[in-house]
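First the structure, in the form of structure tokens, and then the observations on it.
Protein chains in written order, with my numbering: chain A, 344 to 786; chain B, 42 to 212.
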């Protein structure tokens with residue numbers, strides 16, 4: 344064998360891959376060729392240094408640590424998948440409804456169109472709050488369901504925005520509240536509430552409802568929710584992490600941790616559209632969210648009929664219209680206490696005079712008809728006394744209970760003294776007419 | 042004979058994560074040595090090694106050629122090292138200007154060799170890692186990488202030559 348052939352066999356010799364014959368020839372050549380011997384020595388040295396270096400690497404087995412991490416991560420993923428499936432389960436429930444099937448079909452179409460637009464423009468990298476906000480620029484209709492652990496049925500919201508992105512119209516269905524089920528429609532000009540249990544229909548507008556609606560909208564309009572998050576992130580109140588699964592069919596997750604309070608939030612984002620599919624809120628280390636908001640039917644036009652109660656409420660409902668008529672009595676120069684007493688006095692005087700229109704206007708604004716239906720049977724004939732008003736802070740800053748005694752004529756024709764529980768009167772900034780006093784209960 | 046990488050990967054993909062332990066055992070030293078060639082900080086290495094295996098496990102389904110598990114694994118280690126370099130700025134490529142921090146801890150470490158090793162092209166480094174740190178014979182490497190044994194010995198031979206040149210330049 345010549346030198347070049349021998350040198351090609353260095354590794355084979357070191358690895359014990361040569362046949363006995365080749366090995367003999369190899370060793371014989373090295374004995375006679377100093378250059379090859381020197382070359383082989385160099386390679387052998389490197390081989391020994393590598394063997395020795397490998398032996399010196401002392402490692403602690405990480406097998407268990409790796410395995411624990413894998414199990415841990417796998418559990419996390421399963422949990423995520425579970426959440427995703429829960430969303431699907433709810434979706435399936437909704438799909439049973441024939442009308443929503445069409446709506447869902449429309450959503451799918453819109454999602455496809457939206458995703459085409461998005462992919463034409465950019466290739467998503469990581470999910471940022473800004474991107475989600477941006478995705479909402481063209482969303483004008485949305486439908487939200489909020490599930491809470493202590494509620495049997497979800498609260499449901501429908502929102503319509505105008506081209507400037509401001510909320511135009513909203514509808515809220517709250518099946519479980521202290522007052523029983525409530526259906527609310529709202530526009531910046533008019534709010535309507537149908538108290539199903541009390542069977543009353545309140546038409547009004549006030550700073551209070553304005554604030555309440557604003558809060559509800561801020562909590563359920565994803566764009567506003569995201570803008571608030573961004574503010575909190577910039578103020579250093581929250582930490583934000585995003586998880587973007589490679590599989591684009593799985594939702595991306597924005598994980599928000601509050602730095603001081605034990606609160607966490609998970610935002611599940613549809614990777615094709617950048618729109619929120621659900622939000623989960625956790626108030627401590629609990630594994631179950633206390634609130635789950637699901638978002639449906641993005642941009643499926645909502646019929647304007649949904650934003651008015653006209654066609655839904657029963658005919659016999661008690662209409663309390665505070666918007667189209669001047670209700671209550673004016674405060675004028677009276678103190679709050681005097682105004683409260685005067686309200687009660689004028690109410691009973693109206694009953695004595697059988698002026699049910701006036702009584703209705705003082706009684707929160709119910710119709711003359713309803714006032715008659717409700718109070719004529721009392722047959723009030725005289726006011727005996729009107730006591731000192733006692734503040735009712737739970738009903739508002741300017742709310743009082745006014746104990747009183749009135750004379751009534753019973754069904755047997757006998758005069759009696761009747762002490763109502765105490766008409767509750769109210770005025771204040773929260774009301775439709777802040778300077779006017781009404782009776783809101785207690786009779 | 043121990044099960045092939047391909048067989049173990051198949052078992053893992055079949056929903057038996059416990060089998061991944063064999064692969065961790067088999068390549069832990071190689072991954073450690075690889076990451077050591079990228080960094081001087083031992084604490085970070087252990088974290089990086091664990092991260093490499095965890096990431097590999099969850100991406101096993103992306104592994105197109107099951108035979109090339111070791112090269113794929115080292116590719117992941119490379120990414121992990123890069124990320125740590127970006128995040129912590131203390132995961133430095135070894136070159137003549139950086140001395141490994143472990144020098145004081147173990148004076149017997151062959152730093153010349155480590156430095157030269159760090160400069161090898163990936164394909165050469167990979168074969169040396171498998172041969173010496175994963176302690177695989179040329180035959181096993183050939184089987185695992187699905188290549189003829191002659192190619193393994195030739196690559197090893199070239200890796201030695203290059204390492205030798207790098208060591209001479211360093212002197």
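Ideal Cβ positions, reconstructed from N, Cα and C, are used throughout, including at glycine. A quick note: this is a predicted structure, and the numbers were derived from the prediction, not measured.
(Q) Is the separation between the beta-carbon of residue 544 (chain A) and that of residue 652 (chain A) shorter than 8 Å? (A) yes
Q: Along the alpha helix (DSSP H) that carries residue 350 (chain A), what are the first and last residues, could you check?
A: 346–351
Q: Return the first residue and the last residue of the beta strand (DSSP E) that residue 785 (chain A) is part of.
A: Careful: residue 785 (chain A) lies outside any beta strand (DSSP E) and carries neither H nor E.
Q | Closest residue to residue 612 (chain A) among A:476, A:664, A:379, A:574 (Cα-Cα distance) | A | A:476
**Q.** beta strand (DSSP E) runs contained entirely in the segment 587–669 of chain A, provided each spans 3 or more residues
**A.** 595–601, 607–612, 619–625, 634–639, 661–664
Q.
Check whether the segment 635–645 of chain A and the segment 734–748 of chain A touch, using three or more Cβ-Cβ pairs below 8 Å as the test.
A. no
Q. Sorted by chain position, which residues of the same chain lie with C-beta nearer than 6 Å to residue 471 (chain A)'s C-beta, five sequence neighbours on each side aside?
A. none
(Q) Please state the DSSP three-state secondary structure of residue 745 (chain A). (A) coil
Q) Does the Cβ-Cβ distance between residue 409 (chain A) and residue 94 (chain B) come in under 8 Å? A) yes
Q: Could you spell out where the beta strand (DSSP E) holding residue 504 (chain A) opens and where it closes?
A: 498–504
Q) Among residues of its own chain, excluding the 5 on either side of residue 482 (chain A), which ones have a beta-carbon nearer than 6 Å to its beta-carbon? A) 641, 642
Q. Run through DSSP, which three-state label would residue 43 (chain B) get?
A. coil
Q: Keeping to the same chain, check which residues put their C-beta closer than 6 Å to that of residue 500 (chain A); ignore five residues upstream and five downstream.
A: 487, 515, 563
Q. Taking Cβ-Cβ distances below 8 Å as the criterion, which residues of the segment 386–406 of chain A are in contact with chain B?
A. 386, 389, 390, 392, 393, 394, 395, 396, 397, 399, 400, 402, 403, 404, 405, 406
Q.
Mapping the DSSP letters down to three states, classify residue 296 (chain A) as helix, strand or coil.
A. With chain A running from 344 to 786 in the structure shown, residue 296 (chain A) is simply not present.
Q | Per DSSP, the bridge partner or partners of residue 513 (chain A) | A | A:502, A:529
Q | Cut-off 7 Å between Cβ atoms - residues of its own chain near residue 157 (chain B), not counting five sequence neighbours on either side | A | 204, 207, 208, 211
Q) For residue 570 (chain A), is the beta carbon positioned less than 7 Å from some heavy atom of the ligand MG? A) The ligand MG is not part of this structure, which contains no ligands at all.
(Q) Counting only Cβ pairs nearer than 7 Å, list the residues of chain B close to residue 358 (chain A). (A) 179, 194
Q. Are the beta-carbon atoms of residue 73 (chain B) and residue 400 (chain A) separated by less than 8 Å?
A. yes
(Q) Strictly by DSSP, which residues pair up with residue 769 (chain A)? (A) A:742, A:781
(Q) What does DSSP give as the partner residue(s) for residue 394 (chain A) in the beta ladder? (A) According to DSSP, residue 394 (chain A) bridges with nothing at all.
Q) Would a C-beta distance cut-off of 8 Å place residue 54 (chain B) and residue 101 (chain B) closer than the cut-off? A) yes
Q) Closer than 8 Å, CB to CB, is residue 198 (chain B) near chain A or not? A) yes
Q: With 8 Å as the threshold, decide whether the Cβ of residue 110 (chain B) is near any Cβ in chain A.
A: no
**Q.** Backbone CA spacing between residue 454 (chain A) and residue 615 (chain A) [nearest angstrom]
**A.** Model confidence at residue 454 (chain A) stands at a pLDDT of 47, short of 50, so the residue's coordinates are unreliable and nothing is read from them.
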